[in-house]
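Residue numbers (the working numbering): 276 to 1044. Backbone N, C-alpha and C define an ideal beta-carbon position, used for all residues, glycine too. Notes for the one structure printed next.
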Amino acid sequence: MSSFKLSSVTAAALAAVLASPALAQPNPSLLNNKQAFIADLMRQMTLEEKVGQLRLISIGPEMPAPQLAREVAAGKVGGTFNSVNRKEQRPLQEAAVKQSRMRIPMFFAYDVVHGHRTSFPIGLGLASSWDMDSVRRVARISAIEAAADGIDITWSPTVDIARDPRWGRSSEGFGEDPYLVSQLARAMVTGFQNGSPAKADSIMSSVKHFALYGAVEGGRDYNVVDMSPMRMYNDYLPPYKAAIDAGAGGVMIALNTVNGVPASANKWLLQDLLRKQWGFKGLTVSDHGAITELMRHGVARDEKEAARLAIEAGVDMSMADQVYTAELPGLVRSGQVKQRDVDNAVREVLGAKYDMGLFHDPFLRIGKAEDDPVDPKADSRLHRAPAREVARNGLVLLENRNKTLPLKKGATIALVGPLADAQVDMMGVWSGQAVTAQTVTLRQGMGNALSGQSGKLLYARGANVTNDPALVEYLNFLNWDSPEVTQDRRSPQAMIDEAVATARQADVVVAAVGEARGMSHESSSRTRLDLPESQQALLKALKATGKPLVLVLLNGRPLALNWERENADAMLETWFAGTEGGNAIADALFGDANPSGKLPVSLPRSVGQVPTYYNYPRIGRPFTPGKPGNYTSQYFDEPQGALYPFGYGLSYTEFQLGELTLSNRSMPRGGKVEASITVTNTGDRAGETVVQLYIQDLAASVVRPVKELKDFQKVMLKPGEKKTLRFDVTEDKLKFYNARLEYGAEAGDFNVQVGLDSQTVKEAVFELK
Ligand code: BGC
């Protein structure tokens, strides 16, 4: 994610470029006919120029600046990523459109994942809001901020279904459920592209990681994926498809294998499924270095074979490896790779640039030098108010015994914990352009809330995130500028003593605990899901003071919170809430906002129980409580089921559901049944909740899940207010892929389940005729 100063070196580099004798030009008279325009360009391109378009450079050590400018002017680069500064991009674009023979513009990419200058909550936090308008707004603002920095395309959203919390990238995606993740995928793509990636304040969305990356074995990053086709089609593929149907212009290919063949060499995946079955018309991009990795996977003998496999499979653009550049021209000339395969890839790259609006105006997002922001990192460029609102929306209240929350603003509060004042962590990972110093910690947020109030905020760190030096070293290994995790050098006991003494002076203790952000990241898989020992020891000592204990959790994966559930008086899951995280969490803690988030993942009891997803297929001996050894499916050393189920989340008010009624007990083909239910706010505060509709196919040709989310509505109710919600259950909601991968609904009974989480539901049955 580092960047460098280009402008000082570019002029010299460009001057060194010889003017080409035969200047070609994009033909302006064809500009409004995409296919003809691109065909005309391709007719004029040399093989080397074509291969140049397939090359995506990661700015940084891979390519020194002077060399990059030369290569662009020579027509050897299609796009770059990791520069986020119009000043850096302008000379490169000038080299492309004024110096290179074909005048083809570059594109500039970046990982705009949960915000850009403003950091919004991480994927799991966004998903916890179950609020698609809010998520669309996040993507819209991210696009506006990124486009203003000259970015044309984002490697986002991540829509990998993740059912194994050991996987560090659980944090990036939207959880375990195909339907919810699909809705989020659509909202993100719509927000980024806003009707057209050609608009100046839109960016193209490149959905990732295609496909099945979240299902890496054992949750270990980059591991193999082996999965039945039925599970693939029903559970893991729908979110990518939803993003594509929403118009995503790009697809990033996953690093993993898909049933024995790496995704980057997988013809079935990239052609039969993506292009033929789904009709995808956009650009495919390899993940970082993935084509070279075909050799490590052991499917390519050498670079030649790696390049051939990837281009034949349908990898249009190669990210950050030189295999295409080095090998494709020779392979085509010797007849080992068909010109047609290269041409197909080039057409997609040019097509994407066309769709981004770059042929109409290569400087669409780079603008004029005089309009460059004086300080790209200026606070005035942030969207703080929406960031705070969105962050509030995604907070999940897991416990609230004796109405411990909201806190009173007249109280003395002891704020402790390694994450209480942690700016870096609050931003979450993949927030490369968010500025640490602009991020509001919980300590700052609570301080803001208490300013002018009689309450007092005491603070003690209490513990390091971990005392394990090897883990600290791991978390700090990539950070060139400053260490990601800083250790307090006092002894663990001294820190705990200070925290306990602080707690004793307070009416209530708020402990901010969880993970350092890097613990939930790419290549950060864990074998344990509990809080690190240093923090467990702190919590036990705090508990022993007898003061009410509120836990604020900052973490990027589902954690196993058994002790915490038993011992905390209140518990708020905040994930990593972004730039305005501290203010948003303080809003919730003091009751200025009423939590309404719902879990987009099941929280497990232990690693041993993983996977703990709610929509598991039925089995012949489901767990039935009863005498020990009753030969039903269970772990004998632990209670069954999730610690907190998918869809769960409390509020400061109470909601009650009435009876579920169906408009009809039978549904004709192509018809619908209306399910209605009344939800009442029976508490004394206004609040929002999410009413969730699940369906179970009671008997089918293949084993179906115990339930599947098919719809939901988020409603705001005043105290005492009630609303009757109606859900249309259509035949479409009953469809699935059977053993022959035919998609359809099978006649028979369906059990409709409506609840405020996935576990406690009202039920009613109808029959599809
Ligand atoms: C990640 C991608 C990311 C790319 C570029 C890779 O290591 O897997 O998700 O988009 O780097 O930063």
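When secondary structure is reduced to three states using DSSP, Gln708 falls in the coil class, being assigned neither helix nor strand.
With a cut-off of 7 Å, the C-beta of Met527 is classified as near the ligand BGC, since at least one heavy atom of the ligand falls inside that distance. Taking the Cα positions, Pro920 is about 15 Å away from Gln1028. For Arg550, no alpha helix (DSSP H) encloses it, and the DSSP letter there is neither H nor E.
Distance from the C-beta of Leu569 to the nearest heavy atom of the ligand BGC is not below 7 Å.
Set against 7 Å, the gap from the CB of Asp596 to the closest heavy atom of the ligand BGC is not smaller. In the structure shown, the three-state DSSP call for Leu367 is helix. Using a cutoff of 7 Å, the CB of Glu797 counts as near the ligand BGC, since one of the ligand's heavy atoms is closer than that. If you compare the alpha carbons of Val1036, Val1004, Arg940 and Ala348 with that of Glu934, the shortest gap goes to Val1036. Relative to the Cα of Ala781, the nearest Cα in the group Lys683, Pro833, Val788 and Val612 belongs to Lys683. Annotated three-state conformation of Ala518 is helix, per DSSP.
In this structure, His484 has its beta carbon less than 7 Å from a heavy atom of the ligand BGC. Counting along the chain, Thr687 sits inside the beta strand (DSSP E) bounded by residues Thr687 to Val691. Here the C-alpha atom of Ser394 lies approximately 35 Å from the C-alpha atom of Asp501. For Asp315, the uninterrupted alpha helix (DSSP H) segment begins and ends at Lys309 to Gln319. Contact between the stretch 843-861 and the stretch 395-402 is present: 3 or more CB-CB pairs across the two stretches fall below 8 Å.
Short note on Leu530: C-beta closer than 7 Å to some heavy atom of the ligand BGC. In this structure Phe1002 is buried. Its beta-carbon is surrounded by 16 or more other beta-carbon atoms within 10 angstroms. The beta strand (DSSP E) runs lying completely inside the stretch 814-853 and spanning 3 residues or more are 824-829 and 845-848, given in chain order.
In chain order, the residues positioned with their C-beta nearer than 5 Å to some heavy atom of the ligand BGC are Asp386, Trp430, Asp562 and His563. A straight-line Cα-Cα distance of about 9 Å links Gly1023 and Ser941.
For Gln780, no beta strand (DSSP E) run applies, since DSSP gives it neither H nor E. Taking a contact as a CB-CB distance under 8 Å, the pair Glu674 and Ala845 counts as one, their CB atoms being some 6 Å apart.
In the three-state scheme derived from DSSP, where H, G and I count as helix and E and B as strand, Ile860 is classed as helix.
With a contact defined as Cβ atoms closer than 8 Å, Tyr508 and Asn531 miss out at about 17 Å. For a cut-off of 8 Å, the C-beta gap from Ala787 to Leu732 is around 12 Å, too long to register as a contact.
Around the Cβ of Thr433, a 10 Å sphere holds 16 or more other Cβ atoms; the residue is buried. Counting only unbroken stretches of 4 or more residues, the alpha helix (DSSP H) elements lying wholly within the stretch 379-455 are 398-403 and 407-422, in sequence order. With the rule of 3 Cβ pairs closer than 8 Å, the stretch 911-920 does not count as touching the stretch 860-867. As DSSP reads the structure, Glu963 sits in a beta bridge with Met991. Your pair Met381 and Gly335 does not check out as a contact, with CB atoms roughly 16 Å apart and the cut at 8 Å. Asn956 counts as buried, since at least 16 other C-beta atoms from the protein chains shown sit within 10 angstroms of its C-beta. The three-state reading of DSSP puts Leu725 in helix, counting H, G and I together.
CA-CA distance, Thr567 to Val965, rounds to 46 Å.
The secondary-structure analysis by DSSP pairs Ile528 across a beta bridge with Phe485.
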